[in-house]
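Participant: Residue numbers (the UniProt record's numbering): 1 to 546.
Can you read through this structure? Questions will come right after.
This is how it looks when you write it as C-alpha cells:
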C-alpha cells in the first residue's frame, strides 16, 4: 500500500467526474453524499494498482473496491447490483483527500454537462492528432494484405486512447468503432476474419487486462464489465454462426489458421472455475471450428494437426494451462475424427472437476441429431448420461429430448435408454419418472415411487389420473400403505386425510368391478380400528360406514 496518495491532476479529475456522471444516477449520488457527510467511510490508502479497498459502515458493513482506472470494474458487497451509495461515498471521500470539490462530484451529472467547452482555437495536440490519423489510415490501407499480427498492431493503435477508459457497456462499442472507422474495402472472407479478430481483441482487453489492472480476475469482474462481455459474446456468436466462404476464397486459409492459433492460446490460458459463468474464448473456439472450419474441410488432416498442437501446448504452457479447456478441445477433435472412445475418455477426466457444465456435454449431441446419425447418437447418450447425472446443477430436459428422438427412430434402443437413465439416478429421477409414464410402464413407475418413499400427497390428482385410467391395480398398495400411515399418527387431521384416500380407493375398486372385495376391506378396517373414536366419526362423515 502507498503511505500517501498521489495528487490527481485536472485531466484525471475531469475523467472521474465524467465516469461518475455516466455510471451513477442522481439519487445514488445524493445518498452517497449523506454517507460521506456522516463519516461512514473507513480510512484507506490507494494501492499501487490504483485501487481503493475499504469498508463503509451502516446497518451492515460492506466491503468496497474502487478501480480508479476502470470505474466500471468497481464493486461492493451490498445487495445492489452496480453502482451504489457505498461506492459513491468512497469516491467523495477520495475527492476530499485530493482537495477537490466533493459538491462537484455529488452533482456530477450537472458538472459533466458544464465542463469547459472546446476552445475555437486549434488545440496544441491537434497536429499530433492529425499525424496519428494519417498513420492509422496508412496502416489500414495494408489490412487486406497484412497478417493477423499486423491486424493486432492496428487494433492496439486504434484503441490506445481508450486504454484507461472504464469497461462500461459502451466500451466495446467505442473500441470496435475506433477499429472499424478506418477499415478498407475487403473480400467477404477477409472482412469476416478481420471483424472476428477485432471482436476477439476487444474481448481480450476486457477479460485479460494488461498493466496494473491485470491483477483483477475475471471471476470478480465488475457488473458493467460483465454486461459488456455478454453483449460482445452475442456479437461474436452471431458473426461465427453466419459461416465463412473459405471454399470460395481458399487463399484465406493461412489467416484462418493464424486466428485459430490465437484462439487456442487464449482458450488454453483462460481459467475456469465454478464461479466463472462462461469460458469466453473456449465458446468462440468451439463455434469457430463448428461453423467456420469444419464445413470447409474435405479430410481429417486439420483435426489431427490440431491434436498435435494441443499436445504441444501442454508442455509450452505448463502450469498456466487450463486443463479443463485442454481436455474438452481434444474431445472435440476426436469427435470430428469419428474416434469416439478417446473423446469419451477425455470427457470422463474433465468430469472429475466441478468446472464441467451440462452444456459442455450437450454440445456433442446436437450435431449428431442434426445429421440424423442415430447409431452414434445412442452411443453418445449412453456415455454422457452418467456424466450429466453426476452434475448437481442444470436440468436434463434437453438430454431427455434426444432420447425421445432416438427411440422414435430406433425403437430397439429403448432398453439402453432405461439402463442409462437408471444409472443417472437419483438426479435424473424427474425425467426417468416422466418417461415411465409416457411409455406406460405403470408398475415400474409405482415401484420407483414406493422405493423412494413417495406418498399420494406428493402428487397432484391429475398426475395419477393416467394410472387410475390404465392400471388402477397399481395404485392399491400405494393408497393402502398411505392410509395405514395416517392412522398411526392418531390425530383427527390424519384421520381426515385417511378418509380422503379411502374414498379414492372405493372408486378404484368400483372401476375394477371388485365392489365385494372393497366391502370386505372397509369392514375389516373399521373393526380393526374400532377403538379410535375420532377415526370412526370421520368414516361415518365420509359415508364409508354406517
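Every residue, glycine too, gets a C-beta built ideally from N, C-alpha and C.
1. If you draw a straight line from the alpha carbon of residue 407 to that of residue 188, how long is it in whole angstroms?
2. Going by C-alpha distance, which of 88, 447 and 476 is nearest residue 106?
3. Can you tell me the Cα-Cα spacing of residue 167 and residue 64, whole angstroms?
4. Exposed or buried, what is residue 545 when buried is set at 16 or more other beta-carbons lying within 10 Å of its beta-carbon?
5. Indicate the three-state DSSP secondary structure (helix, strand or coil) for residue 67 in the structure shown.
6. According to DSSP, is residue 522 part of a helix, a strand, or is it coil?
7. Skipping 5 residues on each side, what residues in its chain have a beta carbon closer than 7 Å to that of residue 515?
8. Do residue 377 and residue 396 count as a contact pair if the criterion is CB distance below 8 Å?
9. Which same chain residues, not among the five before or five after residue 384, have their C-beta less than 6 Å away from its C-beta?
10. Could you pull the DSSP bridge partners for residue 348 from this structure?
11. Between residue 172 and residue 207, how many whole angstroms is the CB-CB distance? I'm expecting something under 8 Å.
12. Can the beta-carbon of residue 329 be found less than 8 Å from the beta-carbon of residue 267?
13. Select from 68, 61, 69 and 71 the residue whose C-alpha is nearest the C-alpha of residue 78.
14. Whose CA, out of 435, 140, 254 and 507, lies closest to the CA of residue 181?
15. Would you call residue 300 buried or exposed, if buried means 16 or more other Cβ atoms sit within 10 Å of its Cβ?
16. Less than 7 Å between C-beta atoms, sequence neighbours within five positions excluded: which residues of the same chain meet that for residue 402?
17. Inspect the beta-carbon positions of residue 256 and residue 246 and report whether they are closer than 8 Å.
18. Any chance you could list the beta strand (DSSP E) runs of at least 3 consecutive residues sitting entirely within the region 41-66, in chain order?
19. How many angstroms separate the CA atom of residue 494 from the CA atom of residue 287?
20. Applying the criterion that 16 or more other CB atoms from any shown protein chain within 10 Å of the CB defines a buried residue, is residue 21 buried or exposed?
21. Which value, in whole angstroms, describes the spacing of the CA atoms of residue 321 and residue 313?
22. Can you grab the Cα-Cα spacing for the pair residue 304 / residue 261, in whole Å?
23. What distance in whole Å lies between the Cβ atoms of residue 159 and residue 179, which are believed to be in contact at a cut-off of 8 Å?
24. Among the residues of its own chain, which have a CB less than 8 Å from the CB of residue 214, if the five just before and after it don't count?
25. Relative to the alpha-carbon of residue 634, which residue among 462, 429, 460 and 438 has its alpha-carbon at the smallest distance?
26. Out of 486, 434, 469 and 439, point me to the one whose CA is closest to residue 456's CA.
27. Would you check if the distance between the CB atom of residue 538 and the CB atom of residue 469 is smaller than 8 Å?
28. Going straight from the alpha carbon of residue 448 to that of residue 502, what length do you get?
29. Check for me: the alpha helix (DSSP H) holding residue 20 runs from which residue to which?
30. Mind checking which residues open and close the alpha helix (DSSP H) that includes residue 248?
31. Can you tell me the Cα-Cα spacing of residue 409 and residue 251, whole angstroms?
32. At what residues does the alpha helix (DSSP H) containing residue 206 begin and finish?
33. Closest to residue 325 by CA distance: which of 243, 349, 379 and 26 is it?
34. Taking the C-alpha atoms as reference points, what is the distance between residue 197 and residue 147?
35. Going by other Cβ atoms of all chains shown within 10 Å of its Cβ, with 16 needed for buried, is residue 270 buried or exposed?
Facilitator: By the coordinates alone:
1. Locating residue 407 in the chain shown gives position 407, counting from the first residue. Locating residue 188 in the chain shown gives position 188, counting from the first residue. Rounded to whole angstroms, the separation of the alpha carbons of residue 188 and residue 407 is 43 Å.
2. What you label residue 106 is simply residue 106 of the chain shown in a count that begins at 1. Among 88, 447 and 476, the Cα nearest to that of residue 106 belongs to 88.
3. The residue given as residue 167 occupies position 167 in the chain shown. The residue given as residue 64 occupies position 64 in the chain shown. Rounded to the nearest angstrom, the two C-alpha atoms are 18 Å apart.
4. Here residue 545 corresponds to residue number 545 of the chain shown, with the count starting at 1. The residue is exposed, with fewer than 16 neighbouring Cβ atoms inside 10 Å.
5. For the purposes of this step, residue 67 is identified with residue 67 of the chain shown, where counting begins at 1. Three-state DSSP puts residue 67 in a strand.
6. Here residue 522 refers to the residue found at position 522 when the chain shown is read from its first residue. Note: residue 522 maps to helix in three-state DSSP.
7. Translated into the one-based positions of the chain shown, residue 515 becomes position 515. Answer for residue 515: 509, listed in chain order.
8. Position 396 of the chain shown holds residue 396. Position 377 of the chain shown holds residue 377. Not in contact: residue 396 and residue 377 (Cβ atoms no closer than 8 Å).
9. In the chain shown, the residue the question calls residue 384 occupies position 384. Hits under 6 Å: 361.
10. Working through the chain shown from its first residue, we reach residue 348 at position 348. Looking at the DSSP assignment, residue 348 forms no beta bridge with any residue, so it has no partner.
11. On the chain shown, position 172 is the one that residue 172 refers to. On the chain shown, position 207 is the one that residue 207 refers to. With a Cβ gap of about 11 Å, residue 172 and residue 207 do not count as contacting.
12. For this step, residue 329 is matched to residue 329 along the chain shown. For this step, residue 267 is matched to residue 267 along the chain shown. Contact flag set, yes.
13. Position 78 of the chain shown holds residue 78. Among 68, 61, 69 and 71, the Cα nearest to that of residue 78 belongs to 61.
14. Position 181 of the chain shown, counting from 1, holds the residue named residue 181. Measuring from the Cα of residue 181, the nearest candidate turns out to be 140.
15. For this step, residue 300 is matched to residue 300 along the chain shown. With fewer than 16 other Cβ atoms within 10 Å, it is exposed.
16. Start at 1 with the first residue of the chain shown, and residue 402 comes out as number 402. These residues qualify, in order along the chain: 365, 369, 377 and 381.
17. Numbered from its first residue, the chain shown carries residue 256 at position 256. Numbered from its first residue, the chain shown carries residue 246 at position 246. Using a Cβ distance threshold of 8 Å, residue 256 and residue 246 count as a contacting pair.
18. Taking 3 residues as the shortest admissible run, the region 41-66 contains the following complete beta strand (DSSP E) segments, listed from N- to C-terminal end: 51-56.
19. On the chain shown, position 494 is the one that residue 494 refers to. On the chain shown, position 287 is the one that residue 287 refers to. Straight across, the Cα-Cα distance linking residue 494 with residue 287 is about 58 Å.
20. Taking the chain shown and counting its residues from 1, one reaches residue 21 at position 21. Buried is the call here.
21. Taking the chain shown and counting its residues from 1, the one referred to as residue 321 is at position 321. Taking the chain shown and counting its residues from 1, the one referred to as residue 313 is at position 313. The alpha-carbon atoms of residue 321 and residue 313 are separated by roughly 8 Å.
22. Along the chain shown, read from residue 1 onward, the residue named residue 304 stands at position 304. Along the chain shown, read from residue 1 onward, the residue named residue 261 stands at position 261. In a straight line, the C-alpha of residue 304 is about 15 Å away from that of residue 261.
23. Indexing the chain shown from 1 puts residue 179 at position 179. Indexing the chain shown from 1 puts residue 159 at position 159. About 7 Å separates the two Cβ atoms, so the contact holds.
24. On the chain shown, position 214 is the one that residue 214 refers to. Residue placement at residue 214 cannot be trusted, given a pLDDT of 41 that sits under 50; what the coordinates show is reported in the next sentence. In its chain, beyond the 5 residues on either side, 208 have a beta carbon closer than 8 Å to the beta carbon of residue 214.
25. Nothing can be reported for residue 634: it is not among the residues displayed for the chain, which extend from 1 to 546.
26. To locate residue 456, count along the chain shown from 1; it is residue 456. Cα-wise, what sits closest to residue 456 is 486.
27. Within the chain shown, numbered from 1, the residue matching residue 538 stands at position 538. Within the chain shown, numbered from 1, the residue matching residue 469 stands at position 469. No, Cβ-Cβ distance for residue 538 and residue 469 is not below 8 Å.
28. Looking up residue 448 in the chain shown gives position 448. Looking up residue 502 in the chain shown gives position 502. Straight-line measurement puts the Cα of residue 502 at about 23 Å from the Cα of residue 448.
29. Position 20 of the chain shown, counting from 1, holds the residue named residue 20. That run of the alpha helix (DSSP H) goes 10-23.
30. Taking the chain shown and counting its residues from 1, the one referred to as residue 248 is at position 248. Note, residue 248: premise wrong, no alpha helix (DSSP H); not H, not E.
31. Taking the first residue of the chain shown as position 1, residue 409 is located at position 409. Taking the first residue of the chain shown as position 1, residue 251 is located at position 251. Their Cα atoms are separated by approximately 42 Å.
32. Counting from 1 along the chain shown, the entry for residue 206 is found at position 206. It spans 188-207 - the alpha helix (DSSP H) in which residue 206 sits, taken as one unbroken run.
33. Locating residue 325 in the chain shown gives position 325, where the first residue counts as 1. Answer by Cα proximity: 349.
34. As a working mapping, residue 197 is identified with position 197 in the chain shown. As a working mapping, residue 147 is identified with position 147 in the chain shown. Each residue's alpha carbon lies about 11 Å from the other.
35. Start at 1 with the first residue of the chain shown, and residue 270 comes out as number 270. By the neighbour-count criterion, in which 16 or more other beta carbons inside 10 Å mark a residue as buried, residue 270 falls on the buried side.
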